[in-house]
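Residues in the sequence shown are numbered from 1 upward in steps of one, following this note's numbering.
For each residue, glycine too, the CB sits at the ideal point set by N, CA and C.
Right, one structure below, let's go through it.
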Amino acid sequence: MKKHYGAILLAGGLSSRMGQDKAALEIEGQTMLERLLVALRPLVAETVVIRGVGQTLPRISQELKAWIKVGWDAEEGRGPLQGIVDALPLLSLEIDKVFLLTCDLPYLTAEWLQTLRDIMTDEYDIVCTEEDNITNPLLALYRRPVLEPATQLLAAGKRRPLLLWEGWRMARLSAPEETPWICRDANTPEEFQEAQTYFQTKFND
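Take a look at the structure:
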């Protein structure tokens, strides 16, 4: 049921390769942050947006703003695990499955996220996306207990999200052949321009 699903959306980060805040970049009149919130809303009861230290979130609609919770990295420069640690306490206890996403996914759709939900049966604890044999831990659906060791990992000086996977059952989901780009992120100006061109062409067609 929807009430048991939540999302953590990591909107911070240094954006060093992009050279500007990726969450604020616009495609078709919507910021990348807003596009992801729109995709998530039909599927989850709660979404926590984690911003970086000193970061101001970009424009989003009042309706979406009223729906989300906003947190921030308690410590700067510690990567996605810090965002997880700061976000989990903001999710209601009844949320037992959590989408973990970054804000640089311009092609992502609600339909694709629903596919991850459909695969999350009792057989699995994690459903991760995979592209070119590379599994992305930041475009995935987790059972909540999988994410909880993030605190211990950080305390031990470990920052790789992949370490959360140890001992859990995982399904890997590749993008369909007809839409191989759906899982791609946009980390550079060139990749973002490709995304803009794709949507402009799609709209014109």
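### Query
Hey, out of Gln-20, Leu-57, Gly-52, whose CA is closest to Thr-188's CA?
Here residue 188 corresponds to residue number 188 of the sequence shown, with the count starting at 1. Checked all of Gln-20, Leu-57, Gly-52; the closest Cα to Thr-188 is Gln-20.
### Query
Opposite Lys-97 in the DSSP bridges: which residues?
The count along the sequence shown starts at 1 and reaches residue 97 at position 97. Tyr-5, Arg-143.
### Message
So for Gly-79, helix, strand or coil by DSSP?
### Response
Mapped onto the sequence shown, residue 79 falls at position 79. Coil.
### Task
Look at the alpha carbon of Ala-250 and the alpha carbon of Ala-195, and state the distance between them as a whole number of angstroms.
The requested residue 250 is not part of the displayed model; the chain covers only 1 to 205.
### Query
Do you know offhand how far Thr-129's Cα is from Leu-101's?
Residue numbering aside, residue 129 sits at position 129 when the sequence shown is read from its first letter. Residue numbering aside, residue 101 sits at position 101 when the sequence shown is read from its first letter. Taking the straight line from one Cα to the other gives about 11 angstroms.
### Query
For Met-170, which beta-bridge partners are listed by DSSP?
Taking the first residue of the sequence shown as position 1, residue 170 is located at position 170. According to DSSP, which records beta bridges pairwise, Met-170 is partnered with Ile-126.
### Message
Measuring alpha carbon to alpha carbon, tell me which residue in Tyr-124, Trp-112, Arg-59, Gln-200 is nearest Arg-184.
### Response
Along the sequence shown, read from residue 1 onward, the residue named residue 184 stands at position 184. Selected option, being the one with the closest Cα: Trp-112.
#### Entry: Residue of Ala-175, Gln-82, Glu-26, Leu-139 minimising C-alpha distance to Ala-197
Locating residue 197 in the sequence shown gives position 197, counting from the first residue. According to the sequence provided, residue 197 is Thr. The question's Ala does not apply to it. Thr-197 has its Cα closest to that of Glu-26, out of Ala-175, Gln-82, Glu-26, Leu-139.
### Query
Can you tell me whether Asn-133 is buried or exposed, with buried defined as 16 or more other CB within 10 angstroms of its CB?
On the sequence shown, position 133 is the one that residue 133 refers to. It is exposed - the Cβ of Asn-133 has fewer than 16 other Cβ atoms within 10 Å.
### Glu-76 versus Gly-52 - alpha carbon distance
Working through the sequence shown from its first residue, we reach residue 76 at position 76. Working through the sequence shown from its first residue, we reach residue 52 at position 52. Straight-line Cα distance between these residues: approximately 7 angstroms.
### Query
At what residue ranges does the region 8-60 contain a whole run of the alpha helix (DSSP H), taking only runs of 4 or more?
32-40
### Query
Mapping DSSP to helix, strand and coil, what is Ile-134?
The residue you call residue 134 lines up with position 134 of the sequence shown. If DSSP states are grouped into helix, strand and coil, Ile-134 belongs with the strands.
### Query
Hey, quick one: how far does the alpha helix (DSSP H) through Lys-158 stretch, first residue to last?
One-based indexing of the sequence shown puts residue 158 at position 158. Segment: none, Lys-158 is in no alpha helix (DSSP H) and carries neither H nor E.
### Message
Is the separation between the beta-carbon of Ile-50 and that of Gly-79 shorter than 7 angstroms?
### Response
Against the sequence shown, residue 50 aligns to sequence position 50. Against the sequence shown, residue 79 aligns to sequence position 79. Contact flag unset, no.
### Task
Can you have a look at Pro-145 and say buried or exposed, based on whether 16 or more other CB atoms are within 10 angstroms of its CB?
Within the sequence shown, the letter at position 145 stands for residue 145. Per the 10 Å Cβ criterion, exposed.
### Task
Measure from the alpha carbon of Leu-141 to the alpha carbon of each residue in Gly-167, Arg-172, Ala-150, Ala-155, then state which is nearest.
Residue numbering aside, residue 141 sits at position 141 when the sequence shown is read from its first letter. Selected option, being the one with the closest Cα: Arg-172.
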